[in-house]
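**Student:** Provided herewith is a single structure, encoded as structure tokens, for subsequent inquiry.
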Amino acid sequence: MAKVLTSKEENYSQWYNDLVAKADLAENSAVRGCMVIKPYGYAIWEKMQAQLDKMFKDTGHVNAYFPLFIPKSFLSKEAAHVEGFAKECAVVTHYRLKNDPDGKGVIVDPEAKLEEELIIRPTSETIIWSTYKNWIQSYRDLPILCNQWANVVRWEMRTRMFLRTTEFLWQEGHTAHETSEEALAETTQMINVYADFAEEFMAIPVIKGAKSANERFAGALETFTIEALMQDGKALQSGTSHFLGQNFAKAFDVQFANRDGKLDYVWASSWGVSTRLIGALIMAHSDNNGLVLPPKLAPYQVVIVPIYKNGEQLAEISVKVNEIMAKLRKRGISVKYDNRDSQRPGWKFAEYELKGVPVRLAIGPRDLENGSIEVARRDTLEKTTEQIENIDQVVEDLLEAIQKNIYDKAFLFRAENTTKVDSYDEFKALLNTKGGFFLAHWDGTSETELLIKDETKATIRCIPFEGDGEEGFCMVTGKPSKQRVIFALAY
103 MAKVLTSKEE NYSQWYNDLV AKADLAENSA VRGCMVIKPY GYAIWEKMQA QLDKMFKDTG
163 HVNAYFPLFI PKSFLSKEAA HVEGFAKECA VVTHYRLKND PDGKGVIVDP EAKLEEELII
223 RPTSETIIWS TYKNWIQSYR DLPILCNQWA NVVRWEMRTR MFLRTTEFLW QEGHTAHETS
283 EEALAETTQM INVYADFAEE FMAIPVIKGA KSANERFAGA LETFTIEALM QDGKALQSGT
343 SHFLGQNFAK AFDVQFANRD GKLDYVWASS WGVSTRLIGA LIMAHSDNNG LVLPPKLAPY
403 QVVIVPIYKN GEQLAEISVK VNEIMAKLRK RGISVKYDNR DSQRPGWKFA EYELKGVPVR
463 LAIGPRDLEN GSIEVARRDT LEKTTEQIEN IDQVVEDLLE AIQKNIYDKA FLFRAENTTK
523 VDSYDEFKAL LNTKGGFFLA HWDGTSETEL LIKDETKATI RCIPFEGDGE EGFCMVTGKP
583 SKQRVIFALA Y
């Protein structure tokens, strides 16, 4: 195989790009800043999507779909929102092309100018709240618990596949409530759903907390976040949930008759995760041999590779493999049988190692005679020989062990790379040498936060919900601080 990765230690950024390309996850498209998600990469997204969709529906949410295009005037209705997204908007100004009179292809027809420009959605609060105005008249119409699976466009200058692209896939929940308490409870519930998904399915430990005022979503009163630590010591925001108060209801005049018969504005939340989570999976777990995928999100959890010299041997092996596959599938385990004759077994082993398939089974004529099969696990690269008769139980237990081991390894890495600092000099010294999460006291002012960001590029990732309650003094100004917050360099 000519699919060699740059090592993480040599160049982490190039390792990441190599892995995305060579594991067949995605590739650059003809449109700058956009990507083609290839079938294997999209299969991972589908697994994520299916599980998250179930979790959303289990908490009472339903799916809907809202337009891709947003009238420009909608964005100007909520001042903080437009300020937050104005520099990232793609704008549609015309609706027709025509042949160039000079014979040089096609040109925009100047007579087809739109009366009002349309924004390709960077997020959907405005178009959805203009719709909710038609849906809500009374408290009896509440709550509305909608989610949509969609694409969005945010015009990016520097892009990296999955982590930051001009167009990306995501889900965005938009809910409407009778009271502020309900909306805030929804905001909290959904950040907990995201955290459960990250830890139980992605095998990534996350810290839940609130964003500082500077880092909040544009138009929100509160933004809650889950923050994960990547293997290069940088943080990755992996999901956010926003308490929007009544801001968008007031902007779009969405009022309802409350239980006392009086008009009140609706309370709101919004929340979302995106294909950035695939980037998180890559950077949290993978190694210099390729992807390491948690079994719960792997496109297929097991691959079986036959080792044979002729068609007769392959036929005998295939009979047994079909029995094994039936037993595995009965247990809900996804399995692929690679009996292609165009590649040698060693090539296939390297290919599936690169693609992060959790368990690889290899079986040849001698194994058939002995009633045994070779089992290789991707996370540790260990190999064992097991009996075929109970291989389904062995594999089921192994997949569970791999899922736990991947999480434990990531948890230990985070623990070893979380540092308490009390002085600004210590913080600056360790930031670029050790990296990771830094627990430090902050005086709560935007001025201090921006100074730290300007001087170090580190940001407050979150104010943890489960802080240690340790009061102290800001590492920069010496002013009192109620608790430590998490600083880090971030993607």
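For the sequence shown, the residue numbers in the numbering used here are 103 to 593.
Using N, Cα and C, we set each Cβ at its ideal position, and we do this for glycine too.
Source: prediction; values computed, not measured.
1) Taking the straight line between their C-alpha atoms, what separation do you get for PRO566 and PRO397?
2) Counting Cβ pairs closer than 8 Å, one from the region 235-246 and one from the region 107-114, do we hit at least three?
3) Are the beta-carbon atoms belonging to TRP272 and SER388 less than 8 Å from one another?
4) Buried or exposed: which applies to GLN339, given that a residue is buried once 16 or more other Cβ atoms fall within 10 Å of its Cβ?
5) In whole angstroms, what separates the C-alpha of GLN445 from that of ILE406?
6) Anyone know if the C-beta pair for SER525 and PHE354 falls short of 8 Å?
7) For the region 157-191, which segments carrying the beta strand (DSSP E) assignment without a break, of at least 3 residues, lie completely within its bounds, in sequence order?
8) Any idea if ASP556 is buried or exposed, counting beta-carbon neighbours within 10 angstroms, 16 or more meaning buried?
9) Assuming ILE409 and ALA464 form a contact by the criterion Cβ under 8 Å, report the distance between their Cβ atoms to the nearest whole angstrom.
10) Going by C-alpha distance, which of GLU317, THR561, SER583 and ILE562 is nearest GLY571?
11) If I measure Cβ to Cβ from VAL295 and keep anything under 6 Å in the same chain, skipping five residues before and after, which residues do I get?
12) State the beta-bridge partners of THR486 as determined by DSSP.
13) Once DSSP output is grouped into helix, strand and coil, what is the label at PHE451?
14) What is the rounded straight-line gap between the Cα of GLY574 and the Cα of GLN585?
15) Verify the contact flag: THR233, CB atom, against every heavy atom of the ligand NAP, threshold strictly below 7 Å.
16) Any contact between the region 309-317 and the region 545-559? By contact I mean 3 or more CB pairs, one from each, below 8 Å.
17) Specify whether the region 133-140 and the region 188-200 touch according to this definition: at least 3 beta carbon pairs, one from each stretch, less than 8 Å apart.
18) I'd like the span of the beta strand (DSSP E) that includes TRP373, first residue to last.
19) Mark GLY448 as exposed unless 16 or more other C-beta atoms lie within 10 angstroms of its C-beta, in which case mark it buried.
20) Leaving out the 5 sequence neighbours to the left and right, which residues in its chain are closer than 6 Å to ALA400 when beta-carbon positions are compared?
21) From the DSSP output, in three-state form, read off ASP556 for me.
22) Could you compute how far the alpha carbon of PHE540 sits from the alpha carbon of SER343?
23) Helix, strand or coil: how does DSSP classify PRO408 here?
24) Comparing alpha-carbon positions, which option in GLU455, VAL477 and ILE384 lies nearest ILE426?
25) Just reading off the beta strand (DSSP E) that ALA330 is part of, what are its end residues?
26) For GLN151, name the three-state secondary structure that DSSP assigns.
27) Can you tell me whether DSSP reads LYS310 as helix, strand or coil?
28) What is the rounded straight-line gap between the Cα of MET150 and the Cα of ILE380?
29) Under 8 Å: do the region 273-293 and the region 365-374 share three or more Cβ pairs, one atom per stretch?
30) How close, in whole Å, do the beta carbons of SER372 and GLU227 come, if the pair is a contact with beta carbons under 8 Å?
31) Would you identify the three-state DSSP class for VAL356, choosing helix, strand or coil?
32) Got a sec? Which residues, its chain only, sit under 7 Å from PHE176 by beta carbon, not counting five neighbours each side?
33) Beta-carbon within less than 6 Å of ARG198's beta-carbon, same chain only, minus the 5 sequence neighbours each way: which residues are those?
34) Would you give the residue range spanned by the alpha helix (DSSP H) that ARG431 belongs to?
35) Taking the beta carbon of PRO268 as the centre, do at least 16 other beta carbons fall within 10 Å, making it buried, or is it exposed?
36) Compute the Euclidean distance between the alpha carbons of GLN415 and LEU500, then round it to the nearest angstrom.
**Tutor:** Straight from the coordinates:
1) Your numbering for residue 566 matches position 464 in the sequence shown. Your numbering for residue 397 matches position 295 in the sequence shown. Taking the straight line from one Cα to the other gives about 29 Å.
2) No, the region 235-246 is not in contact with the region 107-114.
3) What you label residue 272 is simply residue 170 of the sequence shown in a count that begins at 1. What you label residue 388 is simply residue 286 of the sequence shown in a count that begins at 1. Between TRP272 and SER388, the gap from beta carbon to beta carbon reaches 8 Å or more.
4) Locating residue 339 in the sequence shown gives position 237, counting from the first residue. Counting the other CB atoms within 10 Å of its CB gives GLN339 a total of 16 or more, which places it among the buried residues.
5) By one-based count along the sequence shown, residue 445 stands at place 343. By one-based count along the sequence shown, residue 406 stands at place 304. GLN445 and ILE406: Cα-Cα distance of roughly 14 Å.
6) For this step, residue 525 is matched to residue 423 along the sequence shown. For this step, residue 354 is matched to residue 252 along the sequence shown. No, these two residues do not count as a Cβ contact at 8 Å.
7) Those beta strand (DSSP E) runs which fall completely within the region 157-191 and span 3+ residues are 171-173.
8) As a first step, residue 556 is located in the sequence shown; it is residue number 454 there, counting from the start. Exposed, because fewer than 16 other Cβ atoms sit within 10 Å of the Cβ of ASP556.
9) Locating residue 409 in the sequence shown gives position 307, counting from the first residue. Locating residue 464 in the sequence shown gives position 362, counting from the first residue. Contact holds; Cβ gap of about 6 Å.
10) What you label residue 571 is simply residue 469 of the sequence shown in a count that begins at 1. In terms of CA proximity to GLY571, SER583 leads the group GLU317, THR561, SER583 and ILE562.
11) If you number the sequence shown from 1, residue 295 lands on position 193. Excluding sequence neighbours, VAL295 sits near MET157.
12) Position 384 of the sequence shown, counting from 1, holds the residue named residue 486. VAL477, per the DSSP bridge assignment.
13) The residue labelled residue 451 in the question sits at position 349 within the sequence shown. Of the three classes helix, strand and coil, the one that applies to PHE451 here is helix, per DSSP.
14) The sequence position of residue 574 within the sequence shown is 472, counting from 1. The sequence position of residue 585 within the sequence shown is 483, counting from 1. Their backbone Cα atoms lie some 7 Å apart in a straight line.
15) With respect to the ligand NAP, the structure shown offers nothing to examine, as it has no ligands at all.
16) With the cut-off at 8 Å, the region 309-317 and the region 545-559 touch.
17) No, the region 133-140 is not in contact with the region 188-200.
18) What you label residue 373 is simply residue 271 of the sequence shown in a count that begins at 1. Run containing TRP373: 369-376, per the beta strand (DSSP E) assignment.
19) Along the sequence shown, read from residue 1 onward, the residue named residue 448 stands at position 346. Burial call: exposed.
20) Here residue 400 refers to the residue found at position 298 when the sequence shown is read from its first residue. The residues are PRO460.
21) Here residue 556 refers to the residue found at position 454 when the sequence shown is read from its first residue. Helix.
22) Taking the sequence shown and counting its residues from 1, the one referred to as residue 540 is at position 438. Taking the sequence shown and counting its residues from 1, the one referred to as residue 343 is at position 241. If I take the Cα positions, the gap works out to 23 Å.
23) Against the sequence shown, residue 408 aligns to sequence position 306. Note: PRO408 maps to strand in three-state DSSP.
24) Mapped onto the sequence shown, residue 426 falls at position 324. Nearest option by C-alpha distance: VAL477.
25) On the sequence shown, position 228 is the one that residue 330 refers to. For ALA330, the uninterrupted beta strand (DSSP E) segment begins and ends at 324-331.
26) Within the sequence shown, the letter at position 49 stands for residue 151. In the three-state reduction of the DSSP assignment, GLN151 falls in the helix class.
27) Here residue 310 corresponds to residue number 208 of the sequence shown, with the count starting at 1. Of the three classes helix, strand and coil, the one that applies to LYS310 here is strand, per DSSP.
28) Sequence index remark: in the sequence shown, residue 150 carries index 48 (1-based). Sequence index remark: in the sequence shown, residue 380 carries index 278 (1-based). Distance from the CA of MET150 to the CA of ILE380, rounded to the nearest whole angstrom, comes to 9 Å.
29) With contact defined as three or more Cβ pairs closer than 8 Å, the region 273-293 and the region 365-374 are in contact.
30) To locate residue 372, count along the sequence shown from 1; it is residue 270. To locate residue 227, count along the sequence shown from 1; it is residue 125. Indeed, because the Cβ distance is near 6 Å, the residues count as touching under 8 Å.
31) In the sequence shown, counting from the first residue as 1, residue 356 sits at position 254. Coil.
32) Here residue 176 refers to the residue found at position 74 when the sequence shown is read from its first residue. Within the same chain, Cβ atoms closer than 7 Å to the Cβ of PHE176 are found at THR228, ILE229 and SER232, the five residues on either side in sequence being excluded.
33) Working through the sequence shown from its first residue, we reach residue 198 at position 96. Once the five neighbours on either side are set aside, the close Cβ partners of ARG198 are ASP211 and ALA214.
34) Along the sequence shown, one-based indexing puts residue 431 at 329. Per DSSP, ARG431 belongs to the alpha helix (DSSP H) from 413-432.
35) Counting from one through the sequence shown, the residue named residue 268 turns up at place 166. Note on identity: in this sequence residue 268 is Thr, with Pro being the wrong assignment. Buried.
36) Here residue 415 refers to the residue found at position 313 when the sequence shown is read from its first residue. Here residue 500 refers to the residue found at position 398 when the sequence shown is read from its first residue. C-alpha of GLN415 to C-alpha of LEU500: approximately 28 Å in a straight line.
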